[in-house]
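Numbered according to numbering that gives the first Met the number 0, the sequence shown spans residues 0 to 237.
Even for Gly, the Cβ is constructed at its ideal location relative to N, Cα and C.
To keep things clear, I will list the structure first and then write my remarks on it.
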Amino acid sequence: MSPILAISGLGKQFGGVTALAGVDLAVEEGEILGVVGPNGSGKTTLFNVVTGVHKPSGGTVLFRGRDITGLAPHAISRAGIGYTFQQAMAFAGLGVLENVQIAGEHRRAGGAANPWPTPQALLDFVGLSALGGEKAGVLPFGSLRLLGLALALATRPSLLLLDEPAAGLNDRETSALVGLVRQLPGHGITVCVIDHDMKLMQMLCRRLAVLDFGSKIADGPTEKVLADPKVLDVYLGG
Ligand code: ADP
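Okay, here's the thing in structure tokens:
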């Protein structure tokens with residue numbers, strides 16, 4: 000089966016800084032893939048290029064075989080790639096349920112590939128149904144992150160990109176989040192997550208790709224990658 004996302008030779012320069020130096024990466028349909036790497040290794044830039052926030056300096060991104068390289072963010076979202084932000088992006092003055100409804104209105108037109116249920120069902124899924132009538136602005140941090148997940152799911156993605164989904168969450172909230180994310184492939188949603196929290200990545204991902212200075216230095220089964228001397232060197236050798 001061809002990958003849902005195929006990244007080839009992806010490069011990104013910011014002035015003299017090489018953020019991505021020709022990255023090849025395939026995301027297989029139905030998996031939860033982790034992309035790890037130290038600070039400044041290019042993880043966020045990779046996401047920003049895939050979602051259209053930044054145009055690449057070179058290379059291609061194919062989504063379900065279609066070339067989406069350099070398309071605008073709304074076109075990429077409509078094609079079926081969703082993402083969550085490190086900062087939850089809810090409208091603080093609107094209700095929790097209302098936020099999910101609004102996010103759902105931006106879902107891709109005629110996208111029948113992922114018949115995810117109603118906004119209320121999404122709130123049930125993330126465990127916020129009791130708070131549907133509250134203003135998003137009053138939610139505690141952990142609940143706001145869960146709302147962020149519901150907002151991303153409301154756009155009915157077939158590929159969901161998660162950027163440090165557990166940052167700032169306590170252990171209980173983190174395991175709730177892990178439980179939710181693990182269910183997504185069963186709903187037809189492939190997941191790619193970036194984080195430097197190895198404990199979280201080991202819980203979530205069977206496969207890891209490792210970036211260092213904008214290059215991919217390892218890619219394979221999680222346990223194997225974590226035992227790779229090149230990877231240990233990056234994380235422990237400094
Ligand atoms: P990570 O997410 O792994 O911490 P980033 O993708 O944020 O890494 O950063 C990779 C490199 O690109 C860093 O050297 C960073 O300073 C640089 N960089 C990222 N975004 C920008 C930008 N908008 N302008 C200039 N340099 C950037």
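Reference residue i, options the options, closest by Cα
| i | options | result |
| --- | --- | --- |
| D232 | G29, G36 and L127 | G36 |
| S76 | F124, L199 and L159 | L159 |
| F140 | L152, S157 and G167 | G167 |
| L248 | V99, S157, R171 and D170 | The requested residue 248 does not occur in the structure, where the chain is confined to residues 0 to 237. |
| M0 | V180, E30, L210 and L179 | E30 |
Any non-hydrogen atom of the ligand ADP within 7 Å of residue i CB
| i | result |
| --- | --- |
| V18 | Before going on, a small fix: residue 18 reads as Ala here, not Val. It does: the Cβ of A18 is within 7 Å (strictly closer) of some heavy atom of the ligand ADP. |
| T43 | yes |
| N169 | no |
| S56 | no |
| G39 | yes |
| G33 | no |
| F13 | yes |
Pairwise C-alpha distance: residue j and residue i
| i | j | result |
| --- | --- | --- |
| P118 | L127 | 11 Å |
| G57 | S40 | 18 Å |
| R144 | V137 | 13 Å |
| G213 | P2 | 22 Å |
| A78 | K134 | 30 Å |
| E27 | M197 | 21 Å |
| L183 | D227 | 29 Å |
| G15 | I193 | 24 Å |
| T43 | L4 | 17 Å |
| V22 | G10 | 7 Å |
| A89 | V177 | 21 Å |
| G103 | P164 | 20 Å |
| F13 | F46 | 15 Å |
| L225 | G92 | 44 Å |
DSSP-derived helix/strand/coil call for residue i
| i | result |
| --- | --- |
| R205 | coil |
| R144 | helix |
| G69 | coil |
| V16 | strand |
| L176 | helix |
| F124 | helix |
Contacts around residue i, its chain only, beta-carbon distance under 7 Å, and the 5 residues preceding and following it disregarded
| i | result |
| --- | --- |
| V52 | P72 |
| R171 | none |
Near the ligand PLP: residue i beta-carbon under 7 Å from a heavy atom
| i | result |
| --- | --- |
| G36 | This structure simply doesn't include the ligand PLP; it includes the ligand ADP instead. |
Cβ neighbours of residue i in the same chain (closer than 6 Å, five flanking residues each side left out)
| i | result |
| --- | --- |
| V60 | I6, V49, I67 and T68 |
| D218 | A208 |
| L161 | T83 and V192 |
8 Å Cβ shell around residue i - same chain, five flanking residues per side excluded
| i | result |
| --- | --- |
| G94 | G131, G132, E133, K134 and A135 |
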